[in-house]
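Engineer: Chains as they are written, first to last, in the working numbering: chain C, 1 to 77; chain B, 1001 to 1354; chain S, 2001 to 2363.
Note that beta-carbon positions come from the ideal geometry of N, C-alpha and C, so glycine has one too.
Everything numeric in this text was worked out from a predicted model, so none of it was measured.
Okay, handing you the structure first.
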Amino acid sequence: MCLAVPGKILEISGDDPQLRSAKVSFGGAIKTVNISFLSEAKVGDYVLAHVGFALNIIDEEEANKTMEYLKLMGDVE
Amino acid sequence: MDKKENTTGMMSCPLPISDYDAITMAHGGGGKMMNNLIEKMIMHYLSNNMTSEKHDGAVFNVEGHRLAFTTDSYVVNPVFFPGGNIGELAVYGTVNDLSMCGAKPLYLSLGLILEEGFLIKDLEKIIISIRDACERTGTQIITGDTKVVDKGKGDGIFINTAGIGIVREDINISPSRVEEGDVIIVNGDIGRHGIAIMTTRENLDIESTILSDCAPLNHVVQKLIDAGIGIHCLRDLTRGGLGSSVNEIASQSQYEIEIEEKSIHVLEEVRGVCEILGFDPIYVANEGRFIAIVKKEDAGKTLEILKKEDDGKYASIIGAVKGKNKKGLVTLKNLMGSNRILDMLSGEQLPRIC
Amino acid sequence: MKYLDEYRDSDKAKLLVDAIHKKVTKKWSIMEICGGQTHSIVKYGIDDLISQNINLIHGPGCPVCVTPIEKIDKAIEIASKANVIFCSFGDMLRVPGSNTDLLKLKAVGSDVRIVYSPVDAVQIAKQNPDKEVVFFAVGFETTAPPNAQAVFIAHQQGVMNFSVLVSHVLVPPAIKAILDSKNNLVQGFLAAGHVCTVMGYKEYEEIVSKYKIPIVVTGFEPVDILQGILMCVSQLEEGRHEAENQYSRVVTREGNAKAMEVMYEVFEICERKWRGIGEIKESGFRLKEKYSDYDAELKFGVVNYSVEESGECISGLILQGIKKPVDCPVFGTKCNPEHPFGATMVSTEGACSAYYLYKEKKL
């Protein structure tokens, strides 16, 4: 499990907490995604979406750490 | 043949026709199930020396003239989709099939099956599109038929077009001409049509700017012919996508074909939708794309001609024909640089979560 | 696409492959839990790239594959009813039940619809008040919060013509069952990254401590999987057994509290039978009593079903990592994607399907 795709939040709407949703861009294709599990999500954040729900915000710092680690491996080679 | 004889004939047939009692949507997907239905049932009763060529159209001689003949039916839903409609599709699709045989498309027939309740103004838009598409392709509708079915029996409109073209004596384009060392070239990026259609499905709620790549191919094919390109085979990529078309040619020509994933271009937005739905772009439908299998020495010139076309920016060399292989094998060199088998699409791609 | 392309980069992958080769001093057996990881491994040929050092065992992390046949039969019985609109994720449509599958049922006239999100099924229920709408709620912990949210929304909005057929399975009990098995060959695990976005990885700390085996939470792209493997073999070579996190850009130790809150509001743990494996204690979810009005099994009276599984299909042994698809006598011959015997061939995440699509003709 499971197919989950990273996308960027373009706009947020919805007052009802269960139905709070965001327009998320996946490479330019926009899909409305339920963000009720992410109260702190904001426009510009990247989220991981699965079955129409955002499960988590992508941590850019952590992602950069991975890339840095790989870059260092390459430099050592 | 009377009924009893027919029944006996069916029961003694050694090939299992199908595990299915009824047609499913997968039988129309352009992949293995559709091919099985055609091979094991339809062709079992109807094959002859011309159908066994299995090319997009049939090429034959009539009193010294080489003609090409093809037919196709169009059931796309919605009938008006981003980038086109069923009318122009019905013209381009059949014209393109004739082009894939190396024919100059001349005349088309037009069969319309209209559902009770279909709006006249929508029909008019479609007919105007058909007229415009004929002008663009230099063809004419010279005969036709119109039927109406009860509401609920027709999905708006179904169209069948059959087309006839003329093939120059010196042209022989078919899977049988494929040779080891030939190069495979695609005329642009893939996956647009299938994804444009998917984005119209209300239940998927996807907004995108993707337009179908629906387009005529006869003019560009003529340019390749006029430039003296050693064209061995052409195939337009429709349902089942690039993956299925390459597999068809591999099995019809009985060669191993290797293609390279990184040479195949997919627009970012098309990729985005594919990622969301779990689709592989290599199996997504196209309507204005084809692959040309040409002599190695003509690859550069072919690419140059294709790139000059309006939508040809992403034309690219995607692979080559390897050695003979009875089963017809397609391998894909993936992004990691390792090879995997690229099979034909099984039924149809369904949106997945897993 | 950001956060995808850089994890499919072949140069980075090569660095990791080389690092794995340098690190290992003997051959290790590692299991990737999730079907999505299996798919990626076979699609990108990762197992071939590291085969001399690592034996990758494909785990049971395909909720489609492990849905018991009885559930499919129940789905078919419900979907066959005239006033029912049966909604499902696309994956489930071709999974064979005892006699047929949902796709074939659709072909003969049942109203079976593919939905992308469970909330879409609630929408369909609202739009069709005179019909009963049933949603096939399948998945691991990743999909449980969305499925729970759909039930919660239906409950809040008083949508009474909506119900769910639940077949949820949980990862940690499966890991324990594999480790407790006397045939176990697995020496380290790559845990399912997306499950952990919801659940975190606290619950693996008890497992690593008890069984003294490394577990690395891993993503799905080739670079993620290779890095996860590198982290896992590093632990094995160094004699460590910890719960580590490769997929740190979306997984935290604590997981997503809000998602878990909704999940535990609607679901509770129960026994669950896994197709091909058998019952694993406390490895499933069912609806809580409070939401029993939304339980399709109760609503349609399809509670007591019992089915014998096919003798020839060895998908259970494959799901436990004891056999590989090529060990199966009917693999690629009688059993193939067009005529699947078991769910590991139907689901694109299933080991058999992945092998068939990407490897079969090479044999």
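Between the beta-carbon of L38/C and the beta-carbon of N2256/S, is there less than 9 Å?
Structural biologist: Going by C-beta atoms, L38/C is nearer than 9 Å to N2256/S.
Engineer: Would you tell me roughly how many angstroms separate the C-alpha atoms of G2061/S and A2174/S, rounded to the nearest one?
Structural biologist: About 9 Å.
Engineer: Against chain C, with Cβ distances strictly below 9 Å, would D1189/B count as a contact?
Structural biologist: No, its Cβ sits nowhere closer than 9 Å to a Cβ of chain C.
Engineer: Looking at V1270/B: is its Cβ nearer than 9 Å to the Cβ of D1189/B?
Structural biologist: Closer than 9 Å, so yes.
Engineer: Name the chain C residues that come within less than 7 Å of I1173/B, Cβ to Cβ?
Structural biologist: What I1173/B touches in chain C: nothing, since even the nearest Cβ is about 36 Å away.
Engineer: Only counting the same chain, and skipping five residues up and downstream in sequence, which positions put a Cβ closer than 7 Å to that of D1298/B?
Structural biologist: Cβ neighbours of D1298/B beyond the five flanking positions: I1229, G1230.
Engineer: Within its chain, find whatever has a CB closer than 7 Å to the CB of S1245/B; leave out the 5 residues flanking it on each side and keep chain order.
Structural biologist: Excluding residues within five positions, the ones whose Cβ falls inside 7 Å are R1235, L1237, I1291.
Engineer: Please state whether DSSP places F1279/B in a helix, a strand or coil.
Structural biologist: Correct three-state label for F1279/B: coil.
Engineer: Alpha carbons only, please: which of T1024/B, Y1092/B, A1058/B, H1044/B is nearest the one belonging to H1219/B?
Structural biologist: Closest by alpha carbon: Y1092/B.
Engineer: Whose C-alpha, out of D1132/B, I1257/B, V1294/B, A1162/B, is nearest the C-alpha of I1341/B?
Structural biologist: Ranking the options by Cα distance to I1341/B, first place goes to I1257/B.
Engineer: Any C-beta of chain S sitting closer than 9 Å to the C-beta of S1347/B?
Structural biologist: The identity of residue 1347/B in the sequence shown is Gly, whereas the question assumes Ser. Closer than 9 Å: yes.
Engineer: Helix, strand or coil: how does DSSP classify F1118/B here?
Structural biologist: The answer is coil: DSSP assigns F1118/B none of H, G, I, E or B.
Engineer: Is the beta carbon of D15/C sitting closer than 9 Å to the one on R2249/S?
Structural biologist: Taking 9 Å as the Cβ cut-off, D15/C and R2249/S do not qualify as a contacting pair.
Engineer: Taking 9 Å as the threshold (C-beta atoms), are V2084/S and K2050/S in contact?
Structural biologist: According to the sequence as given, residue 2050/S is Ile; it is not Lys. In this structure, V2084/S does not lie closer than 9 Å to I2050/S by Cβ.
Engineer: Considering only their Cβ atoms, is the gap separating E2338/S from M1033/B smaller than 9 Å?
Structural biologist: A contact, by the Cβ cut-off of 9 Å.
Engineer: State the start and end residues of the unbroken beta strand (DSSP E) segment that holds G1093/B.
Structural biologist: Run containing G1093/B: none in the beta strand (DSSP E); it sits in the alpha helix (DSSP H), 1086 to 1099.
Engineer: What residue from C2313/S, F2189/S, H2241/S has the CA that sits closest to S2029/S's CA?
Structural biologist: The shortest Cα separation from S2029/S among C2313/S, F2189/S, H2241/S belongs to F2189/S.
Engineer: When the Cβ atoms of the segment 1196 to 1211 of chain B are set against those of the segment 1077 to 1084 of chain B, are three or more pairs found closer than 8 Å?
Structural biologist: As far as the Cβ criterion goes, the segment 1196 to 1211 of chain B touches the segment 1077 to 1084 of chain B, which means the pair count is three or higher.
Engineer: Between L1204/B, M1344/B, L1211/B, which lies nearest to I2116/S when the distance is taken from Cα to Cα?
Structural biologist: Note that residue 2116/S is Tyr in the sequence shown, not Ile. Cα-wise, what sits closest to Y2116/S is L1204/B.
Engineer: Relative to chain B, which residues along the segment 2191 to 2208 of chain S have a C-beta separation below 7 Å, given in chain order?
Structural biologist: Those residues of the segment 2191 to 2208 of chain S that come within reach of chain B (Cβ to Cβ, closer than 7 Å) do not exist; the list is empty.
Engineer: By a C-beta neighbour count over all protein chains shown, 10 Å radius and 16 as the cutoff for buried, is S36/C buried or exposed?
Structural biologist: S36/C is buried by the Cβ-count criterion.
Engineer: Against S39/C, what residues of chain S qualify as contacts under a CB-to-CB distance less than 8 Å, listed in chain order?
Structural biologist: Within chain S, the residues near S39/C are K2258.
Engineer: In the segment 2124 to 2156 of chain S, which residues sit with their C-beta less than 9 Å from some C-beta in chain C, listed in chain order?
Structural biologist: Here the close residues are G2139, F2140, E2141, T2142, T2143, P2145, P2146, N2147, Q2149, F2152, I2153, Q2156.
Engineer: Runs of 3 residues minimum, wholly inside the segment 2201 to 2288 of chain S: which ones carry the beta strand (DSSP E) assignment?
Structural biologist: List check, beta strand (DSSP E) in window: 2215 to 2218, 2243 to 2245, 2267 to 2274, 2278 to 2287.
Engineer: Is it the case that the Cβ atoms of I1293/B and D1155/B are separated by a distance below 9 Å?
Structural biologist: No, the pair does not count as a contact, with Cβ atoms beyond the cut-off.
Engineer: Going along chain B in order, which residues have a C-beta closer than 8 Å to the C-beta of D2091/S?
Structural biologist: The contacting residues are L1350, R1352, I1353, C1354.
Engineer: Using C-beta distances below 6 Å, list every residue in its chain close to L2226/S, excluding the 5 sequence neighbours before and after it, in chain order.
Structural biologist: Cβ neighbours of L2226/S beyond the five flanking positions: A2013, L2016.
Engineer: Going by DSSP in three states, E1179/B sits in which element: helix, strand or coil?
Structural biologist: In the structure shown, E1179/B sits in coil (DSSP, three-state: anything other than H, G, I, E or B).
Engineer: Write down the C-beta distance between S1109/B and T1070/B rounded to the nearest angstrom, noting that I regard them as a contact closer than 8 Å.
Structural biologist: 11 Å between Cβ atoms; not a contact.
Engineer: Do the segment 1096 to 1116 of chain B and the segment 1158 to 1171 of chain B make contact, defined as three or more Cβ pairs closer than 8 Å?
Structural biologist: Flag = yes, the segment 1096 to 1116 of chain B and the segment 1158 to 1171 of chain B touch.
Engineer: For chain C, check one thing: does any of its Cβ atoms lie closer than 9 Å to the Cβ of S1208/B?
Structural biologist: Yes, S1208/B lies at the interface with chain C (some Cβ there is under 9 Å from its Cβ).
Engineer: On the three-state DSSP scale, how would you describe G1328/B?
Structural biologist: It is coil, neither helix nor strand.
Engineer: Just the Cα atoms here: how many angstroms apart are G2239/S and P2214/S?
Structural biologist: Their Cα atoms are separated by approximately 9 Å.
Engineer: Does the Cβ-Cβ distance between H2194/S and C2034/S come in under 9 Å?
Structural biologist: It is a contact, given that the beta carbons lie within the stated cut-off.
Engineer: Could you tell me which uninterrupted alpha helix (DSSP H) segments, each at least 4 residues in length, are contained entirely in the segment 2053 to 2109 of chain S, listed from first to last along the chain?
Structural biologist: Entirely contained in the segment 2053 to 2109 of chain S, the alpha helix (DSSP H) runs reaching 4 residues are, in chain order, 2063 to 2066, 2069 to 2079, 2102 to 2107.
Engineer: Starting from P6/C and walking both ways along the alpha helix (DSSP H), at which residues does that stretch end?
Structural biologist: Where P6/C is concerned, there is no enclosing alpha helix (DSSP H), although the beta strand (DSSP E) it sits in stretches over 5 to 13.
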